[in-house]
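What follows is a short report on a single structure.
Protein chains: 2
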Amino acid sequence: MASMTIIDIAKICGVGVTTVSRAINNHPDISEETKAMIMKVIKENHFVPNNSARNLKRSASKTIAVLIKGITNPFFNRMIQVFEKEIQRKKYSFILQRVDENQDEIEVAIELEKEKRLKGIVFLGGYFSHVKEKLEQLTVPYVLSTIGMTPEFDPQEYSSVSVDDFKESYKMVDYLCRLGHQKIAILTAPMSDVSIGKLRYEGYKQALADHGIPLNEKLVCCMKEQIESYSMENGYVVTQELLASGEEFTALFAVSDSLAVGACKAIFESGKSVPDDYSVAGFDGLDITFYYHPSITTIRQPVEEIAEETIRILFDLINKKMTHAHKIFPGELMIRDSTIPYKE
Amino acid sequence: MASMTIIDIAKICGVGVTTVSRAINNHPDISEETKAMIMKVIKENHFVPNNSARNLKRSASKTIAVLIKGITNPFFNRMIQVFEKEIQRKKYSFILQRVDENQDEIEVAIELEKEKRLKGIVFLGGYFSHVKEKLEQLTVPYVLSTIGMTPEFDPQEYSSVSVDDFKESYKMVDYLCRLGHQKIAILTAPMSDVSIGKLRYEGYKQALADHGIPLNEKLVCCMKEQIESYSMENGYVVTQELLASGEEFTALFAVSDSLAVGACKAIFESGKSVPDDYSVAGFDGLDITFYYHPSITTIRQPVEEIAEETIRILFDLINKKMTHAHKIFPGELMIRDSTIPYKE
DNA sequence: TTGTAGGCGTTATCAA
DNA sequence: TTGATAACGCCTACAA
Numbered sequence: 002m003a004s005m006t007i008i009d010i011a012k013i014c015g016v017g018v019t020t021v022s023r024a025i026n027n028h029p030d031i032s033e034e035t036k037a038m039i040m041k042v043i044k045e046n047h048f049v050p051n052n053s054a055r056n057l058k059r060s061a062s063k064t065i066a067v068l069i070k071g072i073t074n075p076f077f078n079r080m081i082q083v084f085e086k087e088i089q090r091k092k093y094s095f096i097l098q099r100v101d102e103n104q105d106e107i108e109v110a111i112e113l114e115k116e117k118r119l120k121g122i123v124f125l126g127g128y129f130s131h132v133k134e135k136l137e138q139l140t141v142p143y144v145l146s147t148i149g150m151t152p153e154f155d156p157q158e159y160s161s162v163s164v165d166d167f168k169e170s171y172k173m174v175d176y177l178c179r180l181g182h183q184k185i186a187i188l189t190a191p192m193s194d195v196s197i198g199k200l201r202y203e204g205y206k207q208a209l210a211d212h213g214i215p216l217n218e219k220l221v222c223c224m225k226e227q228i229e230s231y232s233m234e235n236g237y238v239v240t241q242e243l244l245a246s247g248e249e250f251t252a253l254f255a256v257s258d259s260l261a262v263g264a265c266k267a268i269f270e271s272g273k274s275v276p277d278d279y280s281v282a283g284f285d286g287l288d289i290t291f292y293y294h295p296s297i298t299t300i301r302q303p304v305e306e307i308a309e310e311t312i313r314i315l316f317d318l319i320n321k322k323m324t325h326a327h328k329i330f331p332g333e334l335m336i337r338d339s340t341i342p343y344k345e
Numbered sequence: 002m003a004s005m006t007i008i009d010i011a012k013i014c015g016v017g018v019t020t021v022s023r024a025i026n027n028h029p030d031i032s033e034e035t036k037a038m039i040m041k042v043i044k045e046n047h048f049v050p051n052n053s054a055r056n057l058k059r060s061a062s063k064t065i066a067v068l069i070k071g072i073t074n075p076f077f078n079r080m081i082q083v084f085e086k087e088i089q090r091k092k093y094s095f096i097l098q099r100v101d102e103n104q105d106e107i108e109v110a111i112e113l114e115k116e117k118r119l120k121g122i123v124f125l126g127g128y129f130s131h132v133k134e135k136l137e138q139l140t141v142p143y144v145l146s147t148i149g150m151t152p153e154f155d156p157q158e159y160s161s162v163s164v165d166d167f168k169e170s171y172k173m174v175d176y177l178c179r180l181g182h183q184k185i186a187i188l189t190a191p192m193s194d195v196s197i198g199k200l201r202y203e204g205y206k207q208a209l210a211d212h213g214i215p216l217n218e219k220l221v222c223c224m225k226e227q228i229e230s231y232s233m234e235n236g237y238v239v240t241q242e243l244l245a246s247g248e249e250f251t252a253l254f255a256v257s258d259s260l261a262v263g264a265c266k267a268i269f270e271s272g273k274s275v276p277d278d279y280s281v282a283g284f285d286g287l288d289i290t291f292y293y294h295p296s297i298t299t300i301r302q303p304v305e306e307i308a309e310e311t312i313r314i315l316f317d318l319i320n321k322k323m324t325h326a327h328k329i330f331p332g333e334l335m336i337r338d339s340t341i342p343y344k345e
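Same order as they appear, the protein sequences are chains A and B.
Going by our numbering, the first residue of the first sequence is number 2, and it counts up by one from there.
Going by our numbering, the first residue of the second sequence is number 2, and it counts up by one from there.
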């Protein structure tokens with residue numbers, strides 16, 4: 002039989018559609034017994050309400066969408082879990098929407114906002130270089146979570162939660178310098194990057210400068226554009242080239258953990274060792290850095306706290322408790338087995 | 002200003018709503034110039050059509066949904082990419098819907114089918130033990146991709162694409178036996194599991210039997226229920242317990258690569274070595290098995306082929322070219338550095 | 001506590 | 001090539 006509607010159910014039950022609607026939506030104005038009867042009929046006939054119709058009619062729904070760019074990143078998994086938990090705790094429902102690499106997240110957001118009558122949006126990952134005019138089409142509050150922003154964006158215009166990529170990167174390179182390393186290679190985003198890749202690279206440069214180490218451009222290795230960015234493969238390939246170049250270095254800082262894993266592999270394959278021949282450090286705090294052998298020194302981003310704070314700010318915005326907020330969490334330098342002091 | 006509708010646009014343009022609709026949907030019956038004019042107005046006013054209304058009205062849309070259980074699994078990333086590419090190539094649009102661990106994927110599917118007027122569904126991951134009655138509520142074709150099915154399901158009732166988990170598991174354990182290993186531990190799903198975990202365990206048992214090796218239950222290690230299943234952490238914790246138990250073994254077969262990585266870590270931490278003290282093998286063919294040090298022997302599932310075939314079958318079903326199909330792909334035994342012959 | 005009727009924004013039908 | 005109008009399935013004043 003063709004799909005049932007609320008009208009069919011009403012007919013079968015011998016009641017009006019309103020009553021059925023009330024039963025479905027747990028409205029108070031309905032007697033327990035009619036409700037039970039209706040629900041029974043619904044079960045028996047496998048009636049499922051059509052969400053499109055509901056969304057169309059509803060003026061507002063209690064739902065939050067999380068838009069995530071690059072779902073590949075294992076770093077987001079934990080965050081999504083926290084988002085879901087926190088959003089459900091607030092009795093809101095939760096939509097996870099993947100945004101393709103070559104899709105515009107704002108356009109997706111605008112469309113989704115209308116379709117689902119969203120109450121708020123979380124943007125996760127990606128670069129976020131959008132014109133103000135476009136952002137203004139978003140009529141519900143939104144928070145950028147772990148998204149590096151270039152400074153030309155007016156902080157008054159948006160809210161965000163993240164670590165200070167510049168500072169944390171600095172922290173790591175500073176640590177490597179203090180171990181006595183002077184020739185520190187970096188594996189980073191292409192120079193065209195404007196987001197976290199750039200921020201972390203700037204931290205590297207600053208740390209070197211503060212230690213009186215001149216920048217050696219031959220030790221600045223950029224990911225290949227044609228390979229998935231921040232992937233193990235990219236780290237592997239780029240490190241192979243670095244090793245083949247013959248340029249000397251004693252430590253390698255990869256701006257993401259996956260890159261670091263790929264780098265380690267390239268080093269091992271060349272017959273060298275981590276950390277005896279090269280110290281290697283990553284960034285993010287992925288689980289794999291703990292499980293890799295040797296375990297990999299990294300900057301752990303406090304994902305749970307970041308996710309929780311993101312939701313807290315979003316709801317404050319929704320409840321109009323504030324206009325905009327920016328929260329920066331400190332990262333944690335996890336010293337592991339992949340980095341050791343420089344030895345002559 | 003409040004959100005625009007197609008009526009507002011029609012008024013501004015001085016045309017009827019139908020004409021606007023035609024412009025939006027690239028209908029043939031409209032002159033190029035009015036269309037251009039309308040599109041210009043739409044751009045200027047940032048009009049975005051409401052999807053709920055479209056879905057409600059449309060009788061059918063060319064869209065395929067991929068429902069994925071346990072988005073954590075990195076194994077799915079590549080598959081999703083292929084799905085997206087193939088679906089777009091067919092000029093269909095693609096929806097990725099995450100299904101929570103404690104959600105019923107069929108119910109999600111039924112709801113989504115109505116909401117989005119789906120043409121077809123792909124189920125990815127999970128266990129899939131559903132009653133026939135429920136499956137029958139799905140009125141569009143669907144394909145199970147890389148989902149282990151217990152034999153009691155009638156193959157006439159559904160379509161599927163996967164590897165033969167039993168056979169591939171057998172292949173791996175057989176290989177370990179041929180290396181001379183006799184005491185082979187397995188890291189597998191809890192015995193209550195009915196899906197791939199069970200199938201892979203059965204393959205292990207059969208291979209041991211065929212080599213005349215009695216099953217030692219102390220070497221059958223089940224994942225902890227309270228830890229994320231098939232995770233590195235689970236492999237780590239369970240292997241620590243195995244090592245602590247003092248039960249002797251020379252090889253360890255983990256039914257997933259992530260478990261294998263965790264196992265390796267536990268072994269290294271105990272002061273032992275892979276592969277010198279213990280050979281370790283995984284299953285799935287994740288990238289990390291190549292990048293780990295030592296690289297990990299595994300069964301590679303041909304993800305691209307599986308994904309492509311899934312879509313091919315789905316479209317054959319949609320176009321009524323067949324009733325049901327089951328495609329089994331062979332896995333590939335990737336012999337790496339984590340397994341070596343048994344030495345006295 | 002229950003039912004009737006109108007409208008959410010779009011597309012499809014049909015007539016102009 | 002265009003436009004008026006009736007659905008699509010549901011929710012919600014408002015009336016009973």
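Backbone N, C-alpha and C fix where the C-beta goes; we use that ideal spot for every residue, glycine too.
The model shown is predicted, which means the values in this text are computed figures rather than measured ones.
Annotation: E116(A) to E134(A) spans about 21 angstroms, alpha carbon to alpha carbon. Listed along chain A are Y292, each with a C-beta nearer than 7 angstroms to that of G263(B). The three-state secondary structure of Q98(B), taken from DSSP, is strand.
Of the candidates R118(B), D105(B), F129(B), L139(B), the residue whose Cα lies closest to the Cα of P152(B) is F129(B). 7 angstroms or more divides the Cβ of R23(B) from the Cβ of S62(B). Among the residues of chain B, those whose CB is under 7 angstroms from the CB of H47(A) are Q138, following chain order.
Pairing I297(A) with A261(A) gives a Cβ-Cβ distance under 7 angstroms. Excluding sequence positions up to five before and after H212(B), its CB lies within less than 7 angstroms of the CB of C178, all in the same chain and listed in chain order. One thing to note: K172(B) has its Cβ within 7 angstroms of the Cβ of L334(B).
Think of a sphere of 7 angstroms around the beta carbon of T73(A): the chain B residues whose beta carbon falls inside it are N78, in chain order.
Within the segment 89-106 of chain B, contact with chain A at the beta-carbon level (separation under 8 angstroms) is assigned to L97, R99, D101. Note that the C-beta distance between G126(A) and G71(A) is below 7 angstroms. K321(A) has its alpha-carbon roughly 18 angstroms from the corresponding atom of P156(A). Here the C-alpha atom of A264(B) lies approximately 36 angstroms from the C-alpha atom of I96(B). A direct Cα-Cα distance of roughly 43 angstroms separates V144(A) from E242(B).
Bounds of the alpha helix (DSSP H) holding F76(B) are 76-90. Between I65(B) and G17(B), the CB-CB gap reaches or exceeds 7 angstroms. Look at A54(A): its C-beta is under 7 angstroms from a C-beta on chain B. The C-alpha of P50(A) lies about 53 angstroms from the C-alpha of A210(B).
Shown here, K322(A) sits in coil according to DSSP, grouped into three states, outside any helix or strand.
Boundaries of the alpha helix (DSSP H) harbouring G198(A): 197-211, taken from the DSSP string. Interface flag for M335(A) against chain B is unset, since no Cβ pair is found closer than 7 angstroms. Residue burial is scored here from C-beta neighbours: L216(A) has fewer than 16 other C-beta atoms within 10 angstroms and is therefore classed as exposed.
For D317(B), the CB contacts under 6 angstroms within the same chain, skipping 5 residues up- and downstream, are M323 in chain order. Under the DSSP assignment, T140(B) falls outside any beta strand (DSSP E); it carries neither an H nor an E label. The CB of K266(A) comes closer than 9 angstroms to the CB of F291, Y292, Y293, H294, S296 in chain B, given here in chain order.
Close to chain A, meaning a Cβ-Cβ distance shorter than 9 angstroms, are the following residues of the segment 221-251 of chain B: S232, M233, E234, G236, Y237. Comparing alpha-carbon positions, the option among V239(B), L220(B), P342(B) lying closest to E229(B) turns out to be V239(B). Closest in alpha carbon position to S94(A), among M80(A), V67(A), N74(A), D165(A), is V67(A).
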